[in-house]
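Residue numbers (the numbering used here): -16 to 217.
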């Protein structure tokens, strides 16, 4: 009797556990497939890495490697005025054979040194240095228009004193002064060098600020100037 009671109790316990289990799924293969999809690695096409930086387009550069050197018996001129600009806009109809047409923005530096020998031991020098931005538009082939701003420092002789020694020789002491003179050149010209990116310009400009600056210290004492490269013709 005791064994029969234990058998009935165990049977009821097993039946109760079967009641607590979830009902069997009618789509066991679908559940297995969903688990596999959850563990599927991401597609390589969905990954977006870092985009490569755009390369600097050297063909859009406009370079003026202007250098001036002139030596004579009484005067020495050494100078350079290089500038670099980058094309930021080009007309859609512009063709490659028409040259580097478009709008350029850049800047340049200027330095010049002049030594003058007046004779009898009197020598003095003039120095000009500065920098500024420029806006350049190539209209067609070598024809262009531009606006160039400059802030130039100038060191020039103010006066000199002469000391005469008992033996008849003399010595000159030159006193210099220094000023900063702005300039705004608006002009047009033509590239004398038949190159797409290198410029040796012949340009006619008007200094908008010539009437408000000290003309004694300005390198553009007139309203209009004509420049061949770095050399001011007048």
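Even for Gly, the Cβ is constructed at its ideal location relative to N, Cα and C.
Fill in: DSSP-derived helix/strand/coil call for residue 154
Correct three-state label for residue 154: strand.
Worksheet item: With respect to the beta strand (DSSP E) encompassing residue 182, which residues constitute its N-terminal and C-terminal limits?
Response: Residue 182: not part of any beta strand (DSSP E); DSSP gives it neither H nor E.
Discussion item. If I measure Cβ to Cβ from residue 136 and keep anything under 6 Å in the same chain, skipping five residues before and after, which residues do I get?
Written reply: A distance below 6 Å between beta-carbons, with the five flanking residues on each side excluded, links residue 136 to the following residues of its chain, in chain order: 112, 113, 163.
Worksheet item: Is the beta carbon of residue 212 less than 7 Å from the beta carbon of residue 49?
Response: Yes, Cβ-Cβ distance for residue 212 and residue 49 is below 7 Å.
Worksheet item: When the Cα atoms are used, what is the spatial distance from residue 127 to residue 52?
Response: Take the alpha-carbon of residue 127 and the one of residue 52: they are about 26 Å apart.
Worksheet item: residue 130: which of 204, 191, 206, 199 sits nearest, CA to CA?
Response: Residue 191 is the option with its Cα nearest to residue 130.
Discussion item. Bridge partners for residue 127 per DSSP, in chain order?
Written reply: Note: residue 127 sits in a beta bridge opposite 121, 172.
Worksheet entry | Best match in 151, 132, 199, 62 for proximity to residue 188 [C-alpha to C-alpha] | Between residue 188 and the set 151, 132, 199, 62, the nearest pair of CA atoms involves 132.
Discussion item. Would residue 83 and residue 121 qualify as a contact pair, given that the criterion is a beta-carbon distance under 7 Å?
Written reply: Yes. Within cutoff.
Worksheet entry | Delimiting residues of the beta strand (DSSP E) encompassing residue 42 | If you look at residue 42, you'll find it isn't in any beta strand (DSSP E); DSSP assigns it neither H nor E.
Worksheet item: Is the number of C-beta pairs between the stretch 98 to 117 and the stretch 58 to 72 that are closer than 8 Å three or more?
Response: Output reads yes: the stretch 58 to 72 touches the stretch 98 to 117.
Fill in: Classification of residue 186 by the beta-carbon crowding that lies within 10 angstroms, buried from 16 upward
By the neighbour-count definition (other C-beta atoms within 10 Å, threshold 16), residue 186 is a buried residue.
Discussion item. I'd like to know whether the C-beta atoms of residue 67 and residue 89 end up nearer to each other than 7 Å.
Written reply: Yes; because the gap between Cβ atoms is below 7 Å, this pair is in contact.
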